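Colleague: Dropping the structure in here first, questions after.
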Ligand code: NI
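Numbering (the working numbering), first residue to last: 15 to 268.
Shown next, in the form of structure tokens:
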């Protein structure tokens with residue numbers, strides 16, 4: 015029993031076999047999938063998937079890559095979508111200073127504006143943070159009071175994780191925890207309290223070992239969960255149960 019807390023099943027890399035991929039997830043014991051939006055178009059596709067499949071839920075939001083395309087009416091549309099009970103979060107939102115596909119000030123404004131949408135709709139957020147740890151933490155400290163959410167595909171240090179946890183947020187692990195040789199991510203996975211960790215695929219990206227290099231899919235979340243259980247010296251079933259319960263709790267899923 016596992017929950018894939020972050021997937022992109024609307025991606026065109028699934029166009030030829032999406033139904034089969036979703037069926038394989040079910041057969042593998044995946045009890046839920048949150049499909050994250052990245053643009054207004056993919057947020058709409060995310061909702062369509064959530065309406066088609068009982069165990070798929072949608073997040074809606076504008077990824078920092080596309081921040082430069084965001085307009086005032088997009089925020090109204092996100093808030094309108096969030097009324098749908100299958101829309102469980104605002105995401106993915108945040109900052110990406112690795113690709114810098116939108117100017118940093120624009121990324122910051124659009125991120126802050128979407129935290130406001132999360133507050134207005136009383137929904138948790140899903141954060142994308144690539145090479146932007148300092149500004150992510152500054153913005154969360156100033157702008158996310160009273161909100162809840164998750165740092166997806168966590169890539170920061172244990173020092174930063176302690177701050178994130180103090181603010182009451184969750185930490186989600188993706189495929190990279192199965193590759194990290196430096197041990198930084200494994201240190202975080204070892205130390206995060208059991209009631210604050212999630213697992214995800216971020217598929218079609220970030221495929222865990224042993225399938226690294228192939229297209230990722232929700233059924234492979236078990237490899238990430240096995241790695242996290244392993245570094246913690248925990249039983250896989252207990253880790254899977256906790257991560258699933260945490261995901262449901264965060265996203266208000268019964
Ligand atoms: Ni993602």
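Glycine included, every Cβ here is placed at the ideal spot set by N, Cα and C. Bear in mind the structure is a predicted one, so any value in this text is a computation, not a measurement.
#1: Taking 8 angstroms as the threshold, find out whether the segment 41-60 comes into contact with the segment 233-245 through three or more Cβ pairs.
#2: Please work out which residues of its chain come closer than 7 angstroms, Cβ to Cβ, to residue 120, disregarding the five sequence neighbours upstream and downstream, and give them in chain order.
#3: Using 8 angstroms as the Cβ pair cut-off and three pairs as the minimum, do the segment 45-58 and the segment 104-124 touch?
#4: Quick one: grab the DSSP three-state call for residue 70.
#5: Is it buried or exposed for residue 197, if we count other Cβ within 10 angstroms and need 16 for buried?
#6: Quick one: give me the first and last residue of the alpha helix (DSSP H) that residue 142 is part of.
#7: Using the C-alpha atoms, what's the distance from residue 67 back to residue 100?
#8: Is it true that the CB of residue 35 sits closer than 8 angstroms to the CB of residue 69?
#9: Within the continuous alpha helix (DSSP H) that includes residue 164, where are the two ends?
#10: Sorted by chain position, which residues of the same chain lie with C-beta nearer than 7 angstroms to residue 126's C-beta, five sequence neighbours on each side aside?
#11: Measure the C-alpha to C-alpha separation of residue 171 and residue 226 and round it to an integer number of angstroms.
#12: Name all residues in chain order for which at least one heavy atom of the ligand NI lies closer than 6 angstroms to the residue's CB.
#13: Check for me: the alpha helix (DSSP H) holding residue 20 runs from which residue to which?
#14: Use the C-beta contact count for residue 220: other C-beta atoms within 10 angstroms, 16 or more gives buried, fewer gives exposed.
Modeller: In this structure, then:
#1: yes
#2: Excluding positions up to five away in sequence, the list reads 81 and 82.
#3: yes
#4: Strand.
#5: exposed
#6: Careful: residue 142 lies outside any alpha helix (DSSP H), inside the beta strand (DSSP E) at 139-144.
#7: 10 angstroms
#8: no
#9: Counting along the chain, residue 164 falls outside any alpha helix (DSSP H), though it belongs to the beta strand (DSSP E) covering 163-165.
#10: 153 and 157
#11: 23 angstroms
#12: 20, 22, 50, 106 and 216
#13: Element bounds for residue 20: not the alpha helix (DSSP H) but the beta strand (DSSP E), 16-21.
#14: buried
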